[in-house]
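Right, one structure below, let's go through it.
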Amino acid sequence: MLLTSSLVDASRLQFALTAMYHWLFVPLTLGLGVLIAIFETKYYLSKDEFWKKTTQFWSRIFAINFACGVATGIILEFEFGTNWSNYSWFVGDIFGAPLAIEGIFAFFMETTFFAVMYFGWNRVSKGFHLASTWLTAIGANLSAFWILTANGWMQDPRGVAFNPMTARNEMTDFWDIVFSPTTISKFGHSVFSGFLVAAVVVIAICCWYLLKKRDREFSLKSIKYASVFGLFAIAMLMVTGHTSAQTVSKTQPMKLAAMEGLYRGQNGTPFVAFGILNSKKEVDNDEDPFLFKIEVPKVLSFLAFSDFNSFVPGINDIIDGGYTYKDKNGEEKLALPFNEKVRKGEIAKRALAVYGQFKDKPAGAQKDTVLMQAQSYLDENFDYFGYSFLKSPKESVPNVPVTFYSFHIMVMLGGYFILFLLIAFWLNRKKIIEKKRWFLFIAIISVPLVYICAEAGWVVAEVGRQPWTIQDLLPVNASVSGVSSGNVYTTFIIFVVLFTTLLIAELMILFRQIGKGPDGIKWN
Amino acid sequence: MEVGRSLWILIIIKLIVIFLILRLFFFKPELGKYKTDRDKADHVIENLTK
């Protein structure tokens, strides 16, 4: 049974469902916007009506996806206030500022120019229309940037100071938050995954036309551009995947260990290319973590630290501490054991409690002394504040099977799409793609696979960082509100019904438009 | 424009459900019952330190 009695699990389930549905619509918008802008640039330069028709067809697909996806993210913001009120208050404006910039600046930019792009044919000049199309694509990707800035901060909190008077984190360095390596890697990886989704969807639709022996020229030219676009995206995904591994190794080593099912690290740690986990393995037993695995020697060390002989800590190493590592500021440190982190977290928590008791007392020397001492204890130990909510080392470990398998599904599908795009490009270049019916079928089957790949990436990012909503500072069990779990279940069911209906509606409209083809579109 | 009409209907239904049903009846901000930021801070500090 999916639903559990725990409020934390119900709230997480609800948030995961909303976020995953939202991410069904977003990646196609990110990538297809750029592809459309490229097609329209071709039209602007060549004045060939073929490219106008191509641009208009893909714009229609973009519009359907945009209309169905728009506002699904708003529900996530409702959930912050209702289900995650401790978290929402605790993060203060660190989270609010990027979301506000996203809403006011990037989303308005995207929607304003989208209106010109969609309704403006023959109403504005060609140059203005082209600029609007590019600005729509840039706006969509800027939206993603601000959302990922907020998400990146949760994974790697920096550029803030905690104010015990208000119980909120306050921004001290905006640019440190915006340009944190975690945010940049996350932004790149997410956006390029959107480009890959768009490339595969475009190729698949065109392959369907080729199977039906229709719209040949349109399909071949669209595949040509989409396959190059997709290969570019996948090259960038490999680069940003590597930089993501490097930032995760510094800021979230437990996530990296869970991604690889690594319980004990070593110098020159191998990368598990394929593995079947042993379900009996727990943090506190000596079972082999794997029933079967294929390893590539030393590669995890290289991915994490760009050094084939570096030490990558495993789950038990992180719990036990005692190894040296370089933190996110490049300083060499000795890893603390779990119990020591908990002790420091409890000192911070007690200091906050004392601060809370004394802050409203009448002014006086005693109050000043107590507040200063509490502030000092808090400053010294706040980096471990979240550990005070954890009862045992097991609670600091994410769900290893979900993280491990999601990561490996993403990586394996990534490998599949390299091959897929190379074949698409090569068959198209040799002008034999329409004769290879096996490939045309594979292209259509690849659409769900590319969405699984994109969703799996987010599962790795979000399940892998458990138990934290904010890394090391606040776990999920301290972030939730005191709402009734019945209420959460009710909204969960409403979401399932609403979003599934939306998805079916989108697919029906989408299939109808694809069926009409580029020649079936009547545009002004 | 048939597809345009379908999309507008879809968007309006979605916005009605999100803002007039979910927001009004289900998603009441937990801290909304406190009038001042000081009260909200006290509530969160109490939650985090109990």
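So the sequences go chain by chain: A and B. Just so we're aligned, residue 1 is where the first sequence starts under our numbering, counting upward by one. Just so we're aligned, residue 1 is where the second sequence starts under our numbering, counting upward by one. From the three backbone atoms N, C-alpha and C, an ideal C-beta is built for every residue, glycine too.
(request) Please determine, among A/161, A/443, A/288, the residue with the shortest C-alpha to C-alpha distance to residue 380 of chain A. (result) By 1-based counting over the first sequence, the position of residue 380 of chain A is 380. Ranking the options by Cα distance to residue 380 of chain A, first place goes to A/161.
(request) Check the DSSP bridge columns for residue 31 of chain B and list the partner residues they point to. (result) As a first step, residue 31 of chain B is located in the second sequence; it is residue number 31 there, counting from the start. None, per the DSSP bridge assignment.
(request) Could you please give the first and the last residue of the uninterrupted beta strand (DSSP E) stretch that includes residue 256 of chain A? (result) By 1-based counting over the first sequence, the position of residue 256 of chain A is 256. In the DSSP assignment, residue 256 of chain A falls outside any beta strand (DSSP E) and lies within the alpha helix (DSSP H) extending over 253-260.
(message) Assuming residue 470 of chain A is part of the alpha helix (DSSP H), what are its boundary residues?
(response) Residue 470 of chain A sits at position 470 when you count from the first residue of the first sequence. Per DSSP, residue 470 of chain A belongs to no alpha helix (DSSP H); it is in the beta strand (DSSP E), 468-470.
(request) Note down, in chain order, every chain B residue with its Cβ under 8 angstroms from the Cβ of residue 513 of chain A. (result) For this step, residue 513 of chain A is matched to residue 513 along the first sequence. Those are 3, listed as they occur along chain B.
(request) Consult DSSP for residue 157 of chain A and reduce its assignment to one of helix, strand or coil. (result) In the first sequence, the residue the question calls residue 157 of chain A occupies position 157. Residue 157 of chain A falls in the coil class under three-state DSSP.
(request) Verify the CB distance criterion: does residue 20 of chain B have a CB-CB separation below 8 angstroms to chain A? (result) Working through the second sequence from its first residue, we reach residue 20 of chain B at position 20. Chain A, which has no Cβ nearer than 8 angstroms to the Cβ of residue 20 of chain B, makes this no.
(request) Measure the Cβ-Cβ separation of residue 510 of chain A and residue 64 of chain A and say whether it is below 8 angstroms. (result) Against the first sequence, residue 510 of chain A aligns to sequence position 510. Against the first sequence, residue 64 of chain A aligns to sequence position 64. Cβ distance < 8 angstroms, so residue 510 of chain A and residue 64 of chain A count as in contact.
(request) Assign residue 59 of chain A to one of two classes, buried (16 or more other C-beta atoms within 10 Å of its C-beta) or exposed (fewer than that). (result) Locating residue 59 of chain A in the first sequence gives position 59, where the first residue counts as 1. When all chains shown are included, residue 59 of chain A counts as buried.
(request) Below 8 angstroms CB to CB, which residues in the same chain sit around residue 463 of chain A once its five sequence neighbours on both sides are set aside? (result) Residue mapping note: residue 463 of chain A aligns to position 463 of the first sequence, counting from 1. Excluding positions up to five away in sequence, the list reads 398, 399, 402, 403, 406.
(message) Between the alpha carbons of residue 90 of chain A and residue 31 of chain B, how many angstroms are there, rounded?
(response) Reading the first sequence from its first residue, position 90 is the one you call residue 90 of chain A. Reading the second sequence from its first residue, position 31 is the one you call residue 31 of chain B. Straight across, the Cα-Cα distance linking residue 90 of chain A with residue 31 of chain B is about 12 angstroms.
(message) Cβ closer than 9 angstroms: which chain B residues qualify as neighbours of residue 343 of chain A?
(response) For the purposes of this step, residue 343 of chain A is identified with residue 343 of the first sequence, where counting begins at 1. Within 9 angstroms Cβ-Cβ: nothing; residue 343 of chain A doesn't reach chain B, min ~16 angstroms.
(request) Could you confirm whether any beta carbon from chain B is found closer than 8 angstroms to the beta carbon of residue 68 of chain A? (result) As a first step, residue 68 of chain A must be located in the first sequence, where it is residue number 68. With 8 angstroms as the cut-off, residue 68 of chain A counts as an interface residue toward chain B.
(message) In chain order, what are the residue ranges of uninterrupted beta strand (DSSP E) at least 3 long that sit wholly in the region 407-440 of chain A?
(response) DSSP runs (the beta strand (DSSP E)) wholly in the region 407-440 of chain A: none.
(request) Look up residue 77 of chain A in the DSSP assignment and say whether it is helix, strand or coil. (result) Against the first sequence, residue 77 of chain A aligns to sequence position 77. It is helical.
(message) Please state the DSSP three-state secondary structure of residue 325 of chain A.
(response) Sequence index remark: in the first sequence, residue 325 of chain A carries index 325 (1-based). If DSSP states are grouped into helix, strand and coil, residue 325 of chain A belongs with the strands.
(request) With a threshold of 7 angstroms, establish whether the CB of residue 310 of chain A neighbours any heavy atom of the ligand MN. (result) The ligand MN is absent from the structure shown, which contains no ligands of any kind.
(message) Contact criterion: CB-CB distance below 8 angstroms. Does residue 39 of chain B meet it with respect to chain A?
(response) Against the second sequence, residue 39 of chain B aligns to sequence position 39. Judged by the 8 angstroms Cβ criterion, residue 39 of chain B is not in contact with chain A.
(message) Taking the beta strand (DSSP E) that residue 171 of chain A belongs to, which residues open and close that run?
(response) Residue numbering aside, residue 171 of chain A sits at position 171 when the first sequence is read from its first letter. Counting along the chain, the beta strand (DSSP E) containing residue 171 of chain A begins and ends at 168-171.
(request) Work out the CA separation of residue 52 of chain A and residue 150 of chain A for me, nearest whole Å. (result) The sequence position of residue 150 of chain A within the first sequence is 150, counting from 1. The sequence position of residue 52 of chain A within the first sequence is 52, counting from 1. Going from the Cα of residue 150 of chain A to the Cα of residue 52 of chain A covers about 38 angstroms.
(message) For residue 147 of chain A, would you say it is in contact with chain E, using Cβ-to-Cβ distances shorter than 8 angstroms as the test?
(response) Of the chains in the structure shown, none is chain E; the protein chains are A and B.
(message) Counting only Cβ pairs nearer than 7 angstroms, list the residues of chain B close to residue 89 of chain A.
(response) The sequence position of residue 89 of chain A within the first sequence is 89, counting from 1. 31, 40, 44, listed in chain order.
(request) Compare the C-beta of residue 36 of chain B with all C-beta atoms of chain A and state if any pair is closer than 8 angstroms. (result) The sequence position of residue 36 of chain B within the second sequence is 36, counting from 1. No, residue 36 of chain B does not count as interfacial toward chain A.
(message) Taking the beta carbon of residue 241 of chain A as the centre, do at least 16 other beta carbons fall within 10 Å, making it buried, or is it exposed?
(response) Indexing the first sequence from 1 puts residue 241 of chain A at position 241. Classification for residue 241 of chain A: buried.
(message) Is there a C-beta anywhere in chain A that falls below 8 angstroms from the one on residue 11 of chain B?
(response) Within the second sequence, residue 11 of chain B is the residue found at index 11, counting from 1. Chain A contact via Cβ: present.
(message) With a threshold of 8 angstroms between beta-carbons, can residue 498 of chain A be considered close to chain B, or not?
(response) For the purposes of this step, residue 498 of chain A is taken as residue 498 along the first sequence, with counting starting at 1. So, interface residue.
(request) Please decide whether residue 78 of chain A counts as near chain B, where near means a Cβ-Cβ distance under 8 angstroms. (result) Along the first sequence, one-based indexing puts residue 78 of chain A at 78. Interface residue, yes.
(message) Quick check: is the beta carbon of residue 15 of chain B nearer than 8 angstroms to any beta carbon in chain A?
(response) The sequence position of residue 15 of chain B within the second sequence is 15, counting from 1. True, the Cβ-Cβ gap to chain A drops below 8 angstroms.
(request) Just the C-alpha distance for residue 3 of chain A and residue 70 of chain A, rounded to the nearest angstrom, thanks. (result) Position 3 of the first sequence holds residue 3 of chain A. Position 70 of the first sequence holds residue 70 of chain A. Reliability of the predicted coordinates at residue 3 of chain A is poor, the pLDDT of 39 falling under 50, and the value obtained from them is presented with this limitation in mind. Between residue 3 of chain A and residue 70 of chain A, the C-alpha separation is close to 27 angstroms.
(request) Report the rounded CA-to-CA distance for residue 37 of chain A versus residue 225 of chain A, giving the unit in angstroms. (result) One-based indexing of the first sequence puts residue 37 of chain A at position 37. One-based indexing of the first sequence puts residue 225 of chain A at position 225. If I take the Cα positions, the gap works out to 12 angstroms.
(request) Kindly list, in the order they appear in chain A, the residues whose Cβ is closer than 7 angstroms to that of residue 24 of chain B. (result) Residue 24 of chain B sits at position 24 when you count from the first residue of the second sequence. The contacting residues do not exist; residue 24 of chain B stays about 11 angstroms from chain A at best.
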